[in-house]
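If you count the sequence shown from 1, you need to add 891 to reach my numbering. Note that CB positions come from ideal geometry on N, CA and C, so glycine has one too. Inspection log for the structure reproduced underneath, given as structure tokens.
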Amino acid sequence: GDNLVFLNTSVLVKFIAQKIIQKRLELVRINTNIQYTGMESMYHQDGNDTEWTFLIFMSKFWEPNWGGEFLCWNDDDTYRGFPYMPNTGIMFRADLRHKGAAPNILCKAPRLSIAFTYSEGTSEEYDKMVKQTRVDALT
């Protein structure tokens, strides 16, 4: 069902992410998120410094005046804000503290996002996994 769509999308996202950071990646988890007005979130981390999150804003339409920006703390203890823009994505190290702001009172629609978190794999780990997958597929 719907989970298969997420898994299939994670493969495409993984190829894009690998091209960006020039490292092999393996899917760790997929998180979906929905926020309505007043549902503020806390700063959190998705993983460690060898993991990456690719966040996609999923709402079909969004007015800039509705809020919902993505906030991310940098290594130098400053933060950057990114506006919530439908059908766009942000990739960041999973150990960076971040949060999605809730829509403001002008918004009557939910803020939807999906986050794919990947772990950097060594070539040896990746090659072993590929060989095992081939063996599994043949048996």
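*Going by alpha carbons, who is nearest to Lys990 out of His935, Asn922, Ile947?*
Here residue 990 refers to the residue found at position 99 of the sequence shown. Among His935, Asn922, Ile947, the Cα nearest to that of Lys990 is on His935.
*In angstroms with no decimal places, state the Cα-to-Cα distance between Gly980 and Ile911.*
For the purposes of this step, residue 980 is taken as the residue at position 89 of the sequence shown. For the purposes of this step, residue 911 is taken as the residue at position 20 of the sequence shown. Rounded to the nearest angstrom, the two C-alpha atoms are 13 Å apart.
*Go ahead and label Cys913 buried or exposed: buried means 16 or more other beta carbons lie within 10 angstroms of its beta carbon, across all protein chains shown.*
Within the sequence shown, the letter at position 22 stands for residue 913. The residue asked about is misnamed: residue 913 is Gln in this sequence, not Cys. Taking all protein chains in view, the Cβ of Gln913 is surrounded by fewer than 16 other Cβ atoms within 10 Å, so the residue is classified as exposed.
*Just the Cα atoms here: how many angstroms apart are Tyr927 and Glu1011?*
Sequence index remark: in the sequence shown, residue 927 carries index 36 (1-based). Sequence index remark: in the sequence shown, residue 1011 carries index 120 (1-based). Each residue's alpha carbon lies about 33 Å from the other.
*Val896 to Pro977, Cα distance in whole Å?*
If you number the sequence shown from 1, residue 896 lands on position 5. If you number the sequence shown from 1, residue 977 lands on position 86. When rounded, the distance between both Cα atoms is 19 Å.
*Compare the beta carbon distance of Ala1006 and Leu946 with 8 Å and say whether it is the shorter of the two.*
Translated into the one-based positions of the sequence shown, residue 1006 becomes position 115. Translated into the one-based positions of the sequence shown, residue 946 becomes position 55. Yes, Cβ-Cβ distance for Ala1006 and Leu946 is below 8 Å.
_From Leu903, Phe961, Ala908, Trp957, residue whose alpha carbon lies closest to that of Met933_ = Translated into the one-based positions of the sequence shown, residue 933 becomes position 42. Among Leu903, Phe961, Ala908, Trp957, the Cα nearest to that of Met933 is on Phe961.
*Using three-state DSSP, classify Ser901 as helix, strand or coil.*
Within the sequence shown, the letter at position 10 stands for residue 901. DSSP places Ser901 in helix when its eight states are reduced to three.
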